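Notes to accompany the following structure.
Residue numbers (this note's numbering): 38 to 131.
Right, here's the structure in full:
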């Protein structure tokens, strides 16, 4: 089945939405970056004096864990929505 081509304005709006979403995602990532750095600095560094490298490692692990968990759940949600849309399209209309 051939893919339908979108009119230019629809494709333009789609790309604009993607760009805007990415920009807000970056802003959120920067906010979380500062928050996680502060948690490491305020709670982990005092517990482990002289642990500059260890603190950075813990920070990197926390950010990676958060990114993996969020990406996993968002991908699962998108997949579930895609399946729902596919089944809704396949159902006969009355």
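Here a beta-carbon is modelled for each residue, glycine too, at the ideal position from N, C-alpha and C. If you're wondering where the values come from, they're calculated on a predicted model, not measured in any experiment.
Cα-Cα separation between residue i and residue j, rounded to whole angstroms
i	j	result
residue 97	residue 44	43 Å
residue 125	residue 104	31 Å
residue 48	residue 101	33 Å
residue 89	residue 76	14 Å
residue 66	residue 57	14 Å
residue 83	residue 55	41 Å
residue 70	residue 81	16 Å
residue 119	residue 112	10 Å
Spatially closest choice to residue i from the options, by CA coordinates
i	options	result
residue 74	95, 61, 87	95
residue 79	67, 66, 93	93
For residue j and residue i, believed in contact at Cβ under 8 Å, the rounded distance
i	j	result
residue 91	residue 85	6 Å
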